[in-house]
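In our numbering, the protein residues as written are 11 to 219. Quick reminder that beta carbons are idealized off the backbone N, C-alpha and C, glycines included. These figures come from a predicted structure and were not determined experimentally.
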Ligand SMILES: Cc1cc2nc3c(=O)[nH]c(=O)nc-3n(C[C@H](O)[C@H](O)[C@H](O)COP(=O)(O)OP(=O)(O)OC[C@H]3O[C@@H](n4cnc5c(N)ncnc54)[C@H](O)[C@@H]3O)c2cc1C
């Protein structure tokens, strides 16, 4: 970026096995990596934020419409996780919703059966084609990073193969109960919270039970 500014981001999954998994702490640790540290040294924090990316994809879509409501964009799980892109899908769903609402306004009818035309428009659009092609993308990575990458690539090329849909769970269901969780690598780095430059040395301590 211009004016000697840098923008960094860290993506982590919320279906981690360890209940201790803390995305913000992981981000702070990552900033201590020599490569990132060098980039940030001497800098000042201008802005920070966090956002959830709905990675579940096609099979985790909620009901898209009902009496008096339509769900668009990320809230409707319309992000294409294979590309980590959801702006174009949010825009397209917004257009489909607007068309549906224009019809509903003309008919003065906001019932579920009328607004479900949004779902029909979705099914008939390129948006559906795009998301359906990568419908099992996230689930494929349950086989591990490398095998998952290979399988999801094959699936993209073939437009799908094997069991369909692949089972998908809510993130919290992937988490181990506290009693079964490993304690080995858990550290607390509260001293680096909201600290943009992590060039000093930090004391790490174990989290209390
Ligand atoms: C790090 C990162 C990088 C990304 N890079 C890309 C990229 O390069 N290309 C791409 O296409 N996509 C990218 N995405 C995905 C993209 O940002 C989203 O898919 C897209 O913004 C979804 O649009 P949306 O309108 O559905 O939701 P959002 O953009 O999340 O908009 C929702 C809005 O609603 C507001 N809101 C929430 N709750 C309330 C409330 N109760 N009352 C009022 N307002 C509320 C929020 O503040 C927010 O402004 C990226 C996402 C992340 C996290």
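Point to revise | Ordered list of alpha helix (DSSP H) runs contained in the stretch 120-161, each at least 4 residues | key: 122-125, 127-133, 136-143, 147-150
Point to revise | Whole-Å CB distance - residue 67 paired with residue 147, under 8 Å assumed | key: 6 Å
Practice item. Please determine if the stretch 172-190 and the stretch 139-154 are in contact, where contact requires at least 3 C-beta pairs separated by less than 8 Å. Key: yes
Exercise for review: Since I believe residue 117 is in contact with residue 80 (beta carbons under 8 Å), could you give me their beta-carbon distance rounded to a whole number of angstroms?
Suggested key: Rounded, the Cβ-Cβ distance is 15 Å, inconsistent with contact.
Check your understanding: When burial is assigned at 16 or more other CB atoms within 10 Å of the CB, is residue 168 buried or exposed?
Key -> exposed
Point to revise | Same chain, Cβ closer than 7 Å to residue 90, five either side skipped, listed in chain order | key: 96, 99, 140, 141, 144
Exercise for review: Given a cut-off of 8 Å, decide if residue 33 and residue 188 are closer than it, judged by their beta-carbon atoms.
Suggested key: no
Check your understanding: So, residue 75 versus residue 129, is the Cβ gap smaller than 8 Å?
Key -> yes
Check your understanding: Does DSSP put residue 80 in a helix, a strand or coil?
Key -> strand
Review point. Comparing the CB of residue 113 with every heavy atom of ligand 1, is any distance shorter than 7 Å?
Key: no
Practice item. Quick one: grab the DSSP three-state call for residue 180. Key: coil
Exercise for review: Would you mind working out which of 43, 18, 132, 44 sits nearest residue 55, comparing C-alpha positions?
Suggested key: 18
Practice item. Name the residue from 158, 71, 59 whose alpha carbon lies nearest to the alpha carbon of residue 138. Key: 71
Check your understanding: Regarding residue 106 and ligand 1, is the C-beta to nearest heavy atom distance less than 7 Å?
Key -> no
Check your understanding: Who are the near neighbours of residue 114 in its chain, counting only those whose CB is closer than 7 Å to its CB and skipping five residues on each side?
Key -> 120, 124, 125
Check your understanding: residue 41 by DSSP, collapsed to three states: which one?
Key -> coil
Exercise for review: Note down, in chain order, each residue of its chain lying with its Cβ closer than 8 Å to the Cβ of residue 20, except the 5 sequence neighbours on either side.
Suggested key: 33, 36, 37, 40
Review point. Is any heavy atom of ligand 1 found at a distance shorter than 7 Å from the C-beta of residue 178?
Key: no
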